[in-house]
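Chemist: Quick one: the structure is below, questions incoming.
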Amino acid sequence: MARWLPRSTDLARFCQKLNRVKTLEDDMMETSFNRCLSTVDLTLLGIGGMVGSGLYVLTGTVAKEIAGPAVIVSFVIAGFASLLAALCYAEFGARVPKTGSAYMFTYVSVGEIWAFLIGWNVLLEYMIGGAAVARAWSGYLDSIFNHKIKNFTETHVGAWQVPFLAHYPDFLAAAILLVATAFISFGAKVSSWLNHIFSAISMGVILFILIMGFILVQPKNWSAQEGGFAPYGLSGIMAGTATCFYAFVGFDVIAASSEEARNPQRAVPRAIAFSLGLATGAYILVSVVLTLMVPWHTLDPDSALADAFYRRGYAWAGFLVAAGSICAMNTVLLSNLFSLPRIVYAMAEDGLFFQVFSQVHPRTQVPVVGIVVFGLLMALLALVFDLEALVQFLSIGTLLAYTFVAASIIVLRFQQQKVDAPPPAAGGQPSPEPREGPSAGELKEYESFSDKLQLVDRGKSKEHREPGQLKAAFEPYLEFLSDFYPGEVVTVAVVTLMVSAICLCSILVFGNTHLHLPTWSYSLLLVLFSLGFLLSLLLIWAHEQQHSTQTFQIPLVPLSPALSILLNIYLMLKLSYMTWLRFAVWLLLGLLVYFGYGIWHSKENLREPRPQRVSARYVVFPSGSLEERVQAVQPSSQPTTGLPDTDTEDGKR
Numbered sequence: 001m002a003r004w005l006p007r008s009t010d011l012a013r014f015c016q017k018l019n020r021v022k023t024l025e026d027d028m029m030e031t032s033f034n035r036c037l038s039t040v041d042l043t044l045l046g047i048g049g050m051v052g053s054g055l056y057v058l059t060g061t062v063a064k065e066i067a068g069p070a071v072i073v074s075f076v077i078a079g080f081a082s083l084l085a086a087l088c089y090a091e092f093g094a095r096v097p098k099t100g101s102a103y104m105f106t107y108v109s110v111g112e113i114w115a116f117l118i119g120w121n122v123l124l125e126y127m128i129g130g131a132a133v134a135r136a137w138s139g140y141l142d143s144i145f146n147h148k149i150k151n152f153t154e155t156h157v158g159a160w161q162v163p164f165l166a167h168y169p170d171f172l173a174a175a176i177l178l179v180a181t182a183f184i185s186f187g188a189k190v191s192s193w194l195n196h197i198f199s200a201i202s203m204g205v206i207l208f209i210l211i212m213g214f215i216l217v218q219p220k221n222w223s224a225q226e227g228g229f230a231p232y233g234l235s236g237i238m239a240g241t242a243t244c245f246y247a248f249v250g251f252d253v254i255a256a257s258s259e260e261a262r263n264p265q266r267a268v269p270r271a272i273a274f275s276l277g278l279a280t281g282a283y284i285l286v287s288v289v290l291t292l293m294v295p296w297h298t299l300d301p302d303s304a305l306a307d308a309f310y311r312r313g314y315a316w317a318g319f320l321v322a323a324g325s326i327c328a329m330n331t332v333l334l335s336n337l338f339s340l341p342r343i344v345y346a347m348a349e350d351g352l353f354f355q356v357f358s359q360v361h362p363r364t365q366v367p368v369v370g371i372v373v374f375g376l377l378m379a380l381l382a383l384v385f386d387l388e389a390l391v392q393f394l395s396i397g398t399l400l401a402y403t404f405v406a407a408s409i410i411v412l413r414f415q416q417q418k419v420d421a422p423p424p425a426a427g428g429q430p431s432p433e434p435r436e437g438p439s440a441g442e443l444k445e446y447e448s449f450s451d452k453l454q455l456v457d458r459g460k461s462k463e464h465r466e467p468g469q470l471k472a473a474f475e476p477y478l479e480f481l482s483d484f485y486p487g488e489v490v491t492v493a494v495v496t497l498m499v500s501a502i503c504l505c506s507i508l509v510f511g512n513t514h515l516h517l518p519t520w521s522y523s524l525l526l527v528l529f530s531l532g533f534l535l536s537l538l539l540i541w542a543h544e545q546q547h548s549t550q551t552f553q554i555p556l557v558p559l560s561p562a563l564s565i566l567l568n569i570y571l572m573l574k575l576s577y578m579t580w581l582r583f584a585v586w587l588l589l590g591l592l593v594y595f596g597y598g599i600w601h602s603k604e605n606l607r608e609p610r611p612q613r614v615s616a617r618y619v620v621f622p623s624g625s626l627e628e629r630v631q632a633v634q635p636s637s638q639p640t641t642g643l644p645d646t647d648t649e650d651g652k653r
């Protein structure tokens, strides 16, 4: 029975496969895409991705059903949490100017299986986003014609009464997605100019809404007679915040487009900052106007802004808002259809997804196969699914991507340089990967004597320390951490921080409602998990990190990413259990794809080190001695023969 069990070495090798990181090219500006997008192009892409159905549909939905006029606070919190995530995306987008967004960022810092799952969820995020916007687009156009399209479809095609499905098939939403797919396939420059036109109209409509709306405001709509400012309390505000994240998911289109930016090191951070700031301001101001024009409990969730103008006696203004909102939603459709095929391309190019999606059209320089296939899938979703169910599903995928990108920032910032350092000379040995560091009590093996000297001679080298090493000021107090390879302690601390955040948020969300904890245990668990979170944060901060003046870096690391992780996890736990159930099913499908295809076709398999020449390895024994072991290794086609270990030097200090 025992001989059928996997050996420990096989399990270790399998875990290494799951957690291997992507090897980046020396010249990251080289690409098969067309680098033609400027800072203005990227900014308008980000604005177009964020200011659309979230402004014209979700504002009314959240105000009426979840938060009331306190939807303003929900947008403020969602905007702050998105800012923390956006800064992480900005640093990665400038440092790794490759398409793939959160998938790519996770792959280069955390590991392969985590990157695949993030990419798998991002695919669903973009498909749901495009489908939801298409349905909102259809609903607004239908409202212009007094719901004649809906009535015609229900009469001649029929209506459905199935949970999570639309009440009727939305052929108009599917048709607009197919038309947008055709435009996207013409190339990045065509998509950018089309986005410019729709964005200009959208911003003009928003200015009209704000000016006209502030003229029509009635402060009594926030009074206690109408239910007050926050009728659903703090719980409603936070639940509304989780849903409002749908409004800000569009900024990652900028990171996904970094491989087509002319100067991504400067353009990506600036575009993310400008677009997120403008979008957040627009959402807050429009929420103020909407809830002051009419009582929040009388809003029409499907077309809140247009209906509000109609009810105040300005039918022509309502018609203008409805027409302008359609233009705004067109930009969101273009943004989703622009990003989705590029995420698929990045996964296929790495071998983790089906190779057919890595094909780039030679003339338009876009992944045309991914555009067509996923455009059709998006149209199918818009045809049959309900908007509200789609939005809830969208939030959890977005929050998970934000969480992993924030964790990736911490891990990568405290690792030794891999990409920016010059490539090793011919015949030189590559440096070991931090994730392959041994555990305490085992033999520690390093590729070169200089690697060992970095650790053995720390006491002599107080002035210059590599990223991931303990700061000199903390060495007298945490000397036992000096024996770990740079970055190992930080990686363990990041995992501990995330576990503490999950436990802390679980107590906050479920402690009084579902778990019914007594006050003393509720308080005790809050203190314990808060201490675990803070101690992990301090342990990370006690190590040296990378400092670069060439590209943008998020300030206050590790505090800023840690706050992003904490807030994202809290918002995820506020979502309904049905959302989590559907999310779990989608993750299981993703694992089937990864273990059935991705792990076997990953290009990192080809880069795994194969012993082909004599190599000198220095082994550190638990006692602290240092010995050189020389192995003669035959080519892979011949049997490997190891020479006896030869002691050449004693490294005892």
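Take 1 as the starting number for the sequence shown in full-length UniProt numbering and just add one per residue. Glycine included, C-beta positions come from ideal geometry on N, C-alpha and C. Because the structure is a prediction, the values reported are computed rather than measured.
Out of S199, V179 and A271, which one is the CA nearest neighbour of A94?
Modeler: On the sequence shown, residue 94 is found 94 positions in, with the first residue counted as 1. Taking only the C-alpha atoms, the option nearest A94 is A271.
Chemist: Can you give the Cα-Cα distance for V509 and A230, rounded to whole angstroms?
Modeler: Your numbering for residue 509 matches position 509 in the sequence shown. Your numbering for residue 230 matches position 230 in the sequence shown. Looking at the two C-alpha atoms, the distance is approximately 19 Å.
Chemist: Hey, which unbroken runs of the alpha helix (DSSP H) at 4 residues or more fall wholly within the stretch 223-301?
Modeler: Runs of the alpha helix (DSSP H) inside the stretch 223-301: 233-244, 252-256 and 264-293.
Chemist: The alpha helix (DSSP H) spanning residue 659 covers which residue range?
Modeler: Since the displayed the chain opens at 1 and closes at 653, residue 659 lies outside it and no answer follows.
Chemist: Looking only at its own chain, which residues have a Cβ that is under 6 Å from the Cβ of C503, when we skip the five neighbours before and after it?
Modeler: Taking the first residue of the sequence shown as 1, we reach residue 503 at position 503. So the qualifying residues of the chain are F529.
Chemist: Count the other C-beta atoms from every protein chain shown that fall within 10 angstroms of the C-beta of W193, then say buried if there are 16 or more, exposed otherwise.
Modeler: As a first step, residue 193 must be located in the sequence shown, where it is residue number 193. By the 10 Å Cβ count, W193 comes out exposed.
Chemist: What do you reckon, are the CB atoms on A85 and Y402 nearer than 7 Å?
Modeler: Working through the sequence shown from its first residue, we reach residue 85 at position 85. Working through the sequence shown from its first residue, we reach residue 402 at position 402. Yes, these two residues count as a Cβ contact at 7 Å.
Chemist: Figure out for me which residue from R135, S523, G213 and D302 has the closest Cα to the Cα of A175.
Modeler: Counting from 1 along the sequence shown, the entry for residue 175 is found at position 175. Taking only the C-alpha atoms, the option nearest A175 is R135.
Chemist: Going by C-alpha distance, which of Q225, L165 and T398 is nearest M572?
Modeler: The sequence position of residue 572 within the sequence shown is 572, counting from 1. Checking every option, the nearest Cα to that of M572 belongs to T398.
Chemist: What does L165 pair with, by DSSP beta-bridge criteria?
Modeler: Looking up residue 165 in the sequence shown gives position 165. Paired residue(s): F385.
Chemist: Per DSSP, which one or two residues make a beta bridge with L526?
Modeler: To locate residue 526, count along the sequence shown from 1; it is residue 526. Answer is none; L526 lacks a bridge partner.
Chemist: In whole angstroms, what is the alpha-carbon distance linking P169 and A159?
Modeler: Working through the sequence shown from its first residue, we reach residue 169 at position 169. Working through the sequence shown from its first residue, we reach residue 159 at position 159. About 8 Å.
Chemist: Please confirm if the stretch 230-240 is in contact with the stretch 15-33, defined as three or more CB-CB distances below 8 Å between the two stretches.
Modeler: Contact fails: fewer than three Cβ-Cβ distances are below 8 Å.
Chemist: Short of 7 Å in beta carbon distance, which residues of its chain neighbour I201, apart from the five on each side in sequence? Order them along the chain.
Modeler: In the sequence shown, counting from the first residue as 1, residue 201 sits at position 201. So the qualifying residues of the chain are G324 and C327.
Chemist: Hey, I237 and S74: beta-carbon distance below 7 Å or not?
Modeler: What you label residue 237 is simply residue 237 of the sequence shown in a count that begins at 1. What you label residue 74 is simply residue 74 of the sequence shown in a count that begins at 1. For I237 and S74, yes; Cβs fall inside 7 Å.
Chemist: Determine which residues share a DSSP beta bridge with L470 and list them.
Modeler: Sequence index remark: in the sequence shown, residue 470 carries index 470 (1-based). H543, per the DSSP bridge assignment.
Chemist: By DSSP, does F449 sit in helix, in strand, or in coil?
Modeler: Stepping through the sequence shown from its first residue, residue 449 is reached at position 449. Bear in mind that the predicted position of F449 carries a pLDDT of just 42, short of 50, making it too unreliable to give a figure here.
Chemist: Taking the alpha helix (DSSP H) that W160 falls in, what are its first and last residues?
Modeler: Taking the sequence shown and counting its residues from 1, one reaches residue 160 at position 160. No alpha helix (DSSP H) contains W160, which DSSP labels as neither H nor E.
Chemist: Taking C15 as the reference, which of I113, P362, Q469 and F251 has the closest Cα?
Modeler: The count along the sequence shown starts at 1 and reaches residue 15 at position 15. Among I113, P362, Q469 and F251, the Cα nearest to that of C15 is on I113.
Chemist: Around the C-beta of V614, are 16 or more other C-beta atoms found within 10 angstroms, so that it is buried, or is it exposed?
Modeler: By 1-based counting over the sequence shown, the position of residue 614 is 614. Reliability fails at V614, whose pLDDT of 43 lies under 50, so the model's placement of it is uncertain and no value is given.
Chemist: Would you report the Cα separation of V489 and S548, rounded to the nearest angstrom?
Modeler: Position 489 of the sequence shown, counting from 1, holds the residue named residue 489. Position 548 of the sequence shown, counting from 1, holds the residue named residue 548. The straight-line gap from Cα to Cα measures roughly 22 Å.
Chemist: Determine the closest residue to F251 out of S339, A180 and Y597, with distance taken between C-alpha atoms.
Modeler: Here residue 251 corresponds to residue number 251 of the sequence shown, with the count starting at 1. Checking every option, the nearest Cα to that of F251 belongs to S339.
Chemist: Using DSSP with H/G/I as helix, E/B as strand and the rest coil, what is P341?
Modeler: Against the sequence shown, residue 341 aligns to sequence position 341. In this structure, P341 counts as helix in the three-state DSSP scheme.
Chemist: Mind checking whether L334 and S138 have CB atoms under 7 Å apart?
Modeler: Here residue 334 refers to the residue found at position 334 when the sequence shown is read from its first residue. Here residue 138 refers to the residue found at position 138 when the sequence shown is read from its first residue. Their beta carbons are not under 7 Å apart, which means L334 does not touch S138 by this criterion.
Chemist: Which same chain residues end up closer than 6 Å to D451 when comparing Cβ atoms and leaving out the 5 residues on each side of it in sequence?
Modeler: As a working mapping, residue 451 is identified with position 451 in the sequence shown. Note that D451 scores a pLDDT of 47, beneath 50, so its modelled location is shaky; the value from the coordinates is reported in the next line. Excluding sequence neighbours, D451 sits near nothing in its chain.
Chemist: Could you please give the first and the last residue of the uninterrupted alpha helix (DSSP H) stretch that includes C505?
Modeler: Start at 1 with the first residue of the sequence shown, and residue 505 comes out as number 505. Taken as a continuous stretch (DSSP letters only), the alpha helix (DSSP H) holding C505 covers E488 to F510.
Chemist: For Q469, count neighbouring C-beta atoms within 10 Å of its own C-beta (all shown protein chains included) and say buried if the count is 16 or more, exposed if not.
Modeler: As a working mapping, residue 469 is identified with position 469 in the sequence shown. The residue in question, Q469, is buried, as its Cβ has 16 or more Cβ neighbours within 10 Å.
Chemist: Measure the C-alpha to C-alpha separation of V360 and V366 and round it to an integer number of angstroms.
Modeler: Your numbering for residue 360 matches position 360 in the sequence shown. Your numbering for residue 366 matches position 366 in the sequence shown. Cα to Cα, the separation comes out at about 5 Å.
Chemist: State buried or exposed for G351, treating a residue as buried only when at least 16 other CB atoms are found within 10 Å of its CB.
Modeler: As a working note, residue 351 is residue 351 in the sequence shown. It is buried - the Cβ of G351 has at least 16 other Cβ atoms within 10 Å.
Chemist: Quick check on DSSP: helix, strand or coil for G100?
Modeler: For the purposes of this step, residue 100 is taken as residue 100 along the sequence shown, with counting starting at 1. Looking at G100 - three-state DSSP - the assignment turns out to be coil, as it is neither helix nor strand.
Chemist: Hey, could you find the ends of the alpha helix (DSSP H) P558 is sitting in?
Modeler: For the purposes of this step, residue 558 is taken as residue 558 along the sequence shown, with counting starting at 1. From DSSP, P558 is part of no alpha helix (DSSP H); its letter is neither H nor E.
Chemist: Mind checking M578: buried by the 16 CB within 10 Å criterion, or exposed?
Modeler: For the purposes of this step, residue 578 is taken as the residue at position 578 of the sequence shown. Label assigned to M578: exposed.
Chemist: From the DSSP output, in three-state form, read off P219 for me.
Modeler: By 1-based counting over the sequence shown, the position of residue 219 is 219. Here P219 sits in helix by DSSP.
Chemist: Classify A406 as buried or exposed, calling it buried when 16 or more other Cβ atoms lie within 10 Å of its own Cβ.
Modeler: By one-based count along the sequence shown, residue 406 stands at place 406. A406 is buried by the Cβ-count criterion.
Chemist: Can you give me the Cβ contacts of I184 inside the same chain, cut-off strictly under 7 Å, excluding the 5 residues immediately before and after it?
Modeler: Residue mapping note: residue 184 aligns to position 184 of the sequence shown, counting from 1. So the qualifying residues of the chain are S191, L334, L337, F338 and I371.
Chemist: Would P219 be called buried (16 or more neighbouring beta carbons within 10 Å of its own) or exposed?
Modeler: Residue numbering aside, residue 219 sits at position 219 when the sequence shown is read from its first letter. Looking at its Cβ environment, which holds fewer than 16 other Cβ atoms inside 10 Å, P219 is exposed.
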